[in-house]
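Below is one structure, written out as structure tokens; the observations come after it.
2 protein chains.
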Amino acid sequence: MRLYNVAVVGATGLVGRKMIQVLEERKFPVGNIKFLASERSVGKEVQFGGTIHPVGKLTERSFTGIEVALFSAGATVSKEFARHAVQVGSLVVDNSSAFRMDATVPLVVPEVNRKMIFHHKGIVANPNCSTIQMVVALKPLHDRWRIKRIIVATYQSVTGGGQRGLNQLEQELAKEPVVEKKFAHQIAMNVLPQVDIFLPDGYTKEEHKMEHETKKT
Amino acid sequence: MRLYNVAVVGATGLVGRKMIQVLEERKFPVGNIKFLASERSVGKEVQFGGTIHPVGKLTERSFTGIEVALFSAGATVSKEFARHAVQVGSLVVDNSSAFRMDATVPLVVPEVNRKMIFHHKGIVANPNCSTIQMVVALKPLHDRWRIKRIIVATYQSVTGGGQRGLNQLEQELAKEPVVEKKFAHQIAMNVLPQVDIFLPDGYTKEEHKMEHETKKT
Chain A
35 MRLYNVAVVG
45 ATGLVGRKMI
55 QVLEERKFPV
65 GNIKFLASER
75 SVGKEVQFGG
85 TIHPVGKLTE
95 RSFTGIEVAL
105 FSAGATVSKE
115 FARHAVQVGS
125 LVVDNSSAFR
135 MDATVPLVVP
145 EVNRKMIFHH
155 KGIVANPNCS
165 TIQMVVALKP
175 LHDRWRIKRI
185 IVATYQSVTG
195 GGQRGLNQLE
205 QELAKEPVVE
215 KKFAHQIAMN
225 VLPQVDIFLP
235 DGYTKEEHKM
245 EHETKKT
Chain B
35 MRLYNVAVVG
45 ATGLVGRKMI
55 QVLEERKFPV
65 GNIKFLASER
75 SVGKEVQFGG
85 TIHPVGKLTE
95 RSFTGIEVAL
105 FSAGATVSKE
115 FARHAVQVGS
125 LVVDNSSAFR
135 MDATVPLVVP
145 EVNRKMIFHH
155 KGIVANPNCS
165 TIQMVVALKP
175 LHDRWRIKRI
185 IVATYQSVTG
195 GGQRGLNQLE
205 QELAKEPVVE
215 KKFAHQIAMN
225 VLPQVDIFLP
235 DGYTKEEHKM
245 EHETKKT
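First to last, the protein sequences are chains A and B. The number in the working numbering is simply the position in the first sequence, starting from 1, with 34 added. The number in the working numbering is simply the position in the second sequence, starting from 1, with 34 added.
In structure tokens:
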């Protein structure tokens, strides 16, 4: 079986760790694997395939020999480092918002537009989580009747705020001081009627994502 | 100042205790006060006005001398006992769904239709909690533009399930066995996409309440 050399960028984050778990569960044919993160996480370890792997520092030269680079370390990191991966021939699968609206980057949800994945120029992106779930449900309706208008209410989990969001929840539930506030307000036993920041037009960034990414997908 | 003799039916429930708290906070001019509940709660005590009051068993004769009877013990209790209160001249304020759609019972939200309160025949009802909040927001819009259609998504608290709902949440969070399941599924760290039971037409009882009570209010 053909094996692939894989890098996971953001390997210590909530999504990065889930990616690693899925690579294992699905028995993805991994050759060499590299776990990359910011300087802050260097020294941490990741368990994969029965062995302990060190977390390496992400640099411009991290991608030599890497065939598939999974990015989930935020848009800033993707914007800075994805091109270095592409330059050495890696296929970047980017979970951040960095390239989603880039016309040269396919925005792919396998259940909706899987064939788009072949039209990449080194980077493939996926929509944000709310959009993915929504378009999977809407696709067959759209194919059959052509949707003209959607009214959406989301019920989003604290994990959408990543490890820091989860930490805040757990610290609040344990009545411990919150070390680093991800949410401006208490999140334990609460629901916040806002996801991401408000933009000048009065919509939130999340609302914009759902609108624009859905149309592109 | 004129004082009123008050009874609270369902005095040990989550809403009943909140009613008692509000009577105190607002300095409602209470003369005598009676705390009533089902047999199961007799023996419990309620603190009010600096003294401890026993919880009495609700019977057909509980309302003699009572001028205002606040009911919050569920529709079955209201249907059985409200008329006994009315018979002896009490004004019943009913928080349950028992009489909301009764044409002879005003369904009142003070910010929306306060004047309706004077047209009672012994019983005044309030809508369910979701409807109340919604109509307060909609009233000025409706007055100005006449609302034709509303699309509603609610984000409801566990306390909507009363003391048993809250107990389930706290037991699940503490990883204790759940003594009495109010929600069919885990509620801690979760959100359930269903409020109240489904009716034969595919809508839930909560959805029906919001539709019909809003039109009546």
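The beta-carbon is built from N, C-alpha and C at its ideal position, and this holds for glycine as well. Since we're looking at a predicted model, the values are computed, not measured.
*Leaving aside the five residues before and after B/F96 along the sequence, list all residues of the same chain whose C-beta is less than 6 angstroms from its C-beta, in chain order.*
At residue 96 of chain B the sequence reads Ser, which differs from the Phe that was named. Cβ within range, chain order: L70.
*Count the other CB atoms within 10 Å of the CB of B/L233; is the residue buried (16 or more) or exposed (fewer)?*
exposed
_Assuming contact is defined by CB atoms lying nearer than 8 angstroms, are B/S124 and B/A103 in contact in what I supplied?_
yes
*Beta carbon proximity, B/L207 to chain A, threshold 8 angstroms*: yes
_Assigned secondary structure, B/F69 (DSSP; H/G/I helix, E/B strand, else coil)_ = strand
*Check the Cβ-Cβ distances between A/I185 and every residue of chain C, and say whether any is below 8 angstroms.*
In summary, chain C is missing from the structure at hand, where the protein chains are A and B.
*Indicate whether at least one CB of chain A lies closer than 8 angstroms to the CB of B/Y237.*
no
*Under the DSSP definition of a beta bridge, which residues are partnered with A/Y237?*
Partner(s): none; A/Y237 has no beta bridge.
*Would you mind listing the alpha helix (DSSP H) stretches within the segment 75-105 of chain B that are 4+ residues and don't spill past its ends, in chain order?*
none
*Would you report the Cα separation of A/I221 and B/N201, rounded to the nearest angstrom?*
20 angstroms
*Does any C-beta atom of chain A lie closer than 8 angstroms to the C-beta of B/Y38?*
no
*Would you mind stating whether B/A41 and B/I100 have Cβ atoms separated by less than 8 angstroms?*
yes
*Leaving out five residues on either side along the sequence, give the residues of the same chain with a beta carbon under 7 angstroms from the beta carbon of B/N129.*
V49, F105, S106, N160
*Fully enclosed by the segment 110-156 of chain A, which alpha helix (DSSP H) runs are 4 residues long or longer?*
144-147
*When burial is assigned at 16 or more other CB atoms within 10 Å of the CB, is B/F133 buried or exposed?*
buried
*Among A/G47, A/D230, A/V56, nearest to A/V89 - alpha-carbon criterion*: A/G47
_Secondary structure of B/A218, DSSP reduced to three states_ = coil
*Do the CB positions of A/G199 and A/K216 come within less than 8 angstroms of each other?*
yes
*asked:* I'd like to know whether the C-beta of B/V170 is nearer than 8 angstroms to at least one C-beta of chain A.
replied: no
*Consider the Cβ of A/V143: report whether some Cβ of chain B lies at a distance smaller than 8 angstroms.*
no
_DSSP three-state assignment for A/N162, whether helix, strand or coil_ = coil
*Run through DSSP, which three-state label would A/N39 get?*
strand
*Grouping DSSP H, G and I as helix and E and B as strand, with all else coil, what is B/V229?*
coil
*Around the C-beta of A/P63, are 16 or more other C-beta atoms found within 10 angstroms, so that it is buried, or is it exposed?*
exposed
_Alpha carbons only, please: which of A/P227, A/L141, A/K52, A/G194 is nearest the one belonging to B/T188?_
A/P227
*asked:* Less than 7 angstroms between C-beta atoms, sequence neighbours within five positions excluded: which residues of the same chain meet that for B/R36?
replied: P63
*Could you work out which residue in A/H153, A/E241, A/F82, A/K250 is closest to A/K173 when comparing CA atoms only?*
A/K250
*Are B/H153 and B/P144 close, meaning C-beta to C-beta below 8 angstroms?*
no
*Who are the Cβ neighbours of B/S131 in its own chain at under 6 angstroms, not counting the five residues just before and after it?*
A109
*Could you tell me the distance, in whole angstroms, from the CA atom of A/T138 to the CA atom of A/N147?*
15 angstroms
*Residues of chain A with CB under 7 angstroms from B/V225, in chain order?*
Y189
_What does DSSP give as the partner residue(s) for A/V186 in the beta ladder?_
A/V186 pairs with nothing; no bridge assigned.
*asked:* Assuming B/E59 is part of the alpha helix (DSSP H), what are its boundary residues?
replied: 48-59
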